[in-house]
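Its first residue numbered -16, the sequence shown is counted upward by one per residue in the numbering used here.
Quick reminder that beta carbons are idealized off the backbone N, C-alpha and C, glycines included.
Quick caveat, the model's predicted, so the values are computed rather than measured.
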Amino acid sequence: MQTLTILIALVFTLLGVPEAAQAPGMNPADPLAMARVLAATYPAQPIMSYIPALSWSGSLRLSAMTGEAQWREKAMKDMQAFISGQTPAIAEPYRLTSLAGALAFFDAAELNKNADAGVLAQKVADFITDTPIGTYRFATYWTDDMFMMGSVLSRAGNAAWSPLSTMLTTWANKLQRPDGLFIHASDGPHAWGRGNGFALLGVTEALTHLPASGSTPALLTIYRTHVAALVRHQSDDGSWRQVIDEPASYRELTATAMIVAALSRGVARGWIDRTTYLPIVDKGWAAVAARVMPDGTVRDVCSGTGAGPTKEYYLNRPVVNGADDRGGAMALLAAIEVATLRKGR
């Protein structure tokens, strides 16, 4: 751990991070200070996947918010191999979790004015949607799909919007329970924490990027019903659990970070009541901050998880405590969304 801390400090120095933002002196309650730590630390593996893409997108947004170019430069350096074609962005085995990496390239086109990144991102989106109407290429029919497709297709232009709206409402009809929570999959009939985060963020992305249309009321209903259900299960420390409605399960970082991010954007954009939900966001952010260490390592992160038939399957998934690209990316997303919300207060 001491070696990792020294390496992080060296990275800060090389990137020119302001001393006040460096660990261990950062204020964990300050989302921008934490975002700087996480942007400097992650991703350790710059592969084509939604996980590093969330870190790259968060870094691009951090530079846009602060005027600190080093975060954008670090992200673009990681992404350049894909933009140049040196490393294929579309490669077998084709999985939505990999193709969803395109979300960061859309953001690079918008925030960094990188036209080549936009061309690549659109190519990936077209590859995903190259399928007959009513069918969904590479879908697992898990809630994961709602974020993987939602984050990319919502940014991909008019041709992708109608299929995306249909997909999200179809998945919600199958996977959203009467109480508002989502099961992970038809063969994974439990309210897995990160699975609920995927569902909520997928709808959040669609509401953010799609123009107002006839599908908007249905998506808002899915979002608001889900939010109301999740709030009923927030733990006393502000976190959400590995299995949302199982009080005996542990309090998990990625689910908490994703829910906090989606709630923050909902409050900022007026989808949910500010007075009601700001305290919930603040409490949730405190739970995220408590699980991010000054050196950027994280704790209480569920490892990669497919659909499983029993609640015990989810309860017994390995837990990561330490450096973790997934946990770091999700925490960075939450930090950026909370910072954006607080800036607009």
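With distances taken between CB atoms, is the gap from Thr237 to Gly310 smaller than 8 Å?
-> yes
Excluding five sequence neighbours on each side, which residues of the same chain lie with their C-beta closer than 7 Å to the C-beta of Pro7?
-> Its pLDDT being 39, under 50, Pro7 is placed unreliably in this model, and the coordinates cannot settle the point.
Under the DSSP definition of a beta bridge, which residues are partnered with Val303?
-> Val284
Helix, strand or coil: which one does DSSP assign to Glu295?
-> Reduced to three states, the DSSP call for Glu295 is helix.
Considering His192, what are the terminal residues of the alpha helix (DSSP H) in which it resides?
-> In the DSSP assignment, His192 falls within the alpha helix (DSSP H) that extends over 176 to 192.
Select from Arg257, Ala168, Asp307, Ser137 the residue whose C-alpha is nearest the C-alpha of Ala290.
-> Ala168
Does DSSP put Phe65 in a helix, a strand or coil?
-> helix
6 Å Cβ shell around Gly101 - same chain, five flanking residues per side excluded = Ala92
Reference Leu298; option with closest CA among Ala314, Val321, Ser232 | Ser232
Whole-angstrom C-beta distance between Ala174 and Leu164, which should lie under 8 Å | Ala174 and Leu164 do touch by the CB rule: their CB atoms are close to 4 Å apart, below 8 Å.
Between Gly327, Val321, Lys96, Arg78, which lies nearest to Asp127 when the distance is taken from Cα to Cα?
-> Comparing Cα-Cα distances from Asp127 to each of Gly327, Val321, Lys96, Arg78, the minimum goes to Arg78.
Helix, strand or coil for Phe165 per DSSP?
-> strand
Under 8 Å between the Cβ atoms of Ala318 and Ala27?
-> no
How is Leu(-10) classed by DSSP in three states: helix, strand or coil?
-> With a pLDDT of 45 at Leu(-10), under the threshold of 50, the modelled position of that residue is not reliable, and the figure given next carries that caveat. Reduced to three states, the DSSP call for Leu(-10) is helix.
So what's Arg234 in DSSP terms, helix, strand or just coil?
-> strand
Can you list, in chain order, the residues of its chain whose CB lies under 7 Å from that of Gly221, leaving out five sequence neighbours each side?
-> Result list for Gly221: Lys266, Gly267, Ala269, Ala270, in chain order.
Apart from the five residues just before and just after Asn97, which ones in its own chain have a Cβ nearer than 6 Å to its Cβ?
-> Ala91
Cut-off 8 Å between Cβ atoms - residues of its own chain near Arg252, not counting five sequence neighbours on either side = Leu190, Thr191
Could you check the C-alpha separation between Ser81 and Pro71 for me, to the nearest Å?
-> 11 Å
Take Pro76 as the anchor and find which of Thr118, Ala244, Arg300, Ser32 has the nearest alpha-carbon.
-> Ser32
Leaving out the 5 sequence neighbours to the left and right, which residues in its chain are closer than 6 Å to Leu316 when beta-carbon positions are compared?
-> Leu37, Gly41, Ala244
Given 8 Å as the limit, is there contact between the region 112 to 123 and the region 49 to 63, that is, 3 or more CB pairs closer than that?
-> no
Assigned exposure category for Lys106 - 16 Cβ within 10 Å defines buried = exposed
Using a Cβ-Cβ cut-off of 6 Å (strictly less than) and excluding sequence neighbours within five positions of Ala47, which residues of its own chain qualify?
-> Leu94
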